[in-house]
Amino acid sequence: MLRGKLVVLRPIQRSDIKYFLKWFNDPEVTQYLSMYLPMTEMAEEKYIEDLANRASTNVSFVIEAIDGEKTVPIGTVGLHQINIKDHHGTFGISIGEKDYWSKGYGTETARLVIKYGFEELNLHRIGSGAISFNERSLRLHLKVGFKEEGRQREAMYRKGLYYDHVMFGILRTEWDKIQGR
Amino acid sequence: MLKGKLVTLRPVRRSDKQFFLKWCNDPEVIQFDTDYVPLTEMEQEKWWTEPSSSDGSNVHFMMEAVVQDGAKPVGFLGLHYIDHKDRHASAGIIIGEKDYWSRGYGAEAAGLLLRYGFEELNLHRIYAGIWSFNARSLGLCLKMGFREEGRRREAVFKNGVYCDEVMFGLLRSDWEKLNK
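The listed protein sequences correspond, in order, to chains Y and G. Anchor point for the first sequence: position 97 equals 97 in our numbering, and the numbering is continuous, going up by one each time. Anchor point for the second sequence: position 70 equals 1070 in our numbering, and the numbering is continuous, going up by one each time.
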């Protein structure tokens, strides 16, 4: 459980499937993600059950927005493809509740997860990426300290066109500098 | 089967196991690859039963050098993470017989593989990631028409230090300009 001012990040539960089916079947949400087929209940159940087998290479959280006394699930975030030899992981975030876009929830969530990756998992580097038209995500990455490391040209096909995949990375040394260490 | 002047690319057979075990356990060879733990016979045999080897997301070829009395396996190559919707794949090549380094075998094999990817698999884009100290592969990518698209800084730990992964990409349209 990671706690911020706006959000709490907690482990995924089986009962979260209803949120995942809603979020990951919303084209406005999935246009930014690599998944593109209709997400079935069966496929989502399999994904959730399979998390147990990937616990050391994949850390996922549900993002809950703090609203007074209660909290509301609004999306997912995680570090994936964690490599135990090279000490790196890949950051991914998706806010499925669109009312919570552009209000600072993603920024606080990203900072909590990056801190967790470096200060708890002892990673050396965290990589990430975004499709080139996802302005919100590009800004978020730069704001929390990622550097743009390149562009994979025409790597993602959406709405009839090929778009670039923008690659980001942040090193532990850069994170420490941001923290004033 | 893809035929060139110096090399032939053919499907992998069970009996190729001996070559994989030799090449993938040679530190001089494997320093340029993602793999890093000793490759056991049991692990090698498992490769061919994994879903990824039959679900259309990988194409593997054995690379044989044309020699006087036949053909000699010298390495392997392939297209991986084939994405049939975005139409891209990652290219990888390993020449395990070190006598065959820097003599044009890799370039001819890579050319055959790229043609196969664009003209048979109908890919839009082929990419590759090369460790920054692998001068031979960096040169090969540029020679084949790949463009450097970025660097994943300090993404791989080899020989005691963190190195960059240099990212290359080649679009079908660029490849056609070079090959038509």
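Each residue gets a CB set at the ideal place from its N, CA and C atoms; glycine is no exception. Values in this document were obtained by computation on a predicted structure and should not be read as measured data.
For Q81 (chain Y), none of the residues of chain G pass the 9 Å Cβ criterion, the least Cβ distance being about 11 Å.
Residue pairing for T1008 (chain G): DSSP places it in a beta bridge opposite G:K1003 and G:E1064. Across the structure, R125 (chain Y) and D1069 (chain G) are spaced so that their CA atoms are roughly 50 Å apart. Membership of M39 (chain Y) in any beta strand (DSSP E) is not indicated, and neither H nor E is assigned to it by DSSP. The three-state secondary structure of G96 (chain Y), taken from DSSP, is coil. Taking every protein chain shown into account, the CB of M35 (chain Y) has fewer than 16 other CB atoms within 10 angstroms, so this residue is exposed. Within chain Y, no C-beta atom comes nearer than 9 Å to that of F1032 (chain G); the closest sits roughly 14 Å away. P73 (chain Y) counts as buried, since at least 16 other C-beta atoms from the protein chains shown sit within 10 angstroms of its C-beta. The Cβ neighbour count for T40 (chain Y), taken over all protein chains shown within 10 Å, is under 16; the residue is labelled exposed. The continuous beta strand (DSSP E) containing I1126 (chain G) extends over residues R1125 to W1131.
For D86 (chain Y), the chain G residues whose C-beta falls within less than 7 Å of its own C-beta are A1155, V1156 and F1157, listed in chain order. Counting the other Cβ atoms within 10 Å of the Cβ of E1028 (chain G) gives fewer than 16, which makes it exposed. Of all residues in the segment 1078-1098 of chain G, those with a C-beta nearer than 8 Å to a C-beta of chain Y are K1085, D1086, R1087 and H1088, reading in chain order. In chain order, G150, R151, Q152 and R153 make up the part of chain Y whose C-beta sits under 7 Å from the C-beta of E1149 (chain G).
Using a Cβ-Cβ cut-off of 8 Å, Y32 (chain Y) does not count as an interface residue toward chain G, since no Cβ of chain G sits closer than that to its own.
Ranked by how close their Cα comes to the Cα of Q1018 (chain G), the residues G:S1057, G:M1001, G:V1007 and G:F1076 have G:F1076 in first place.
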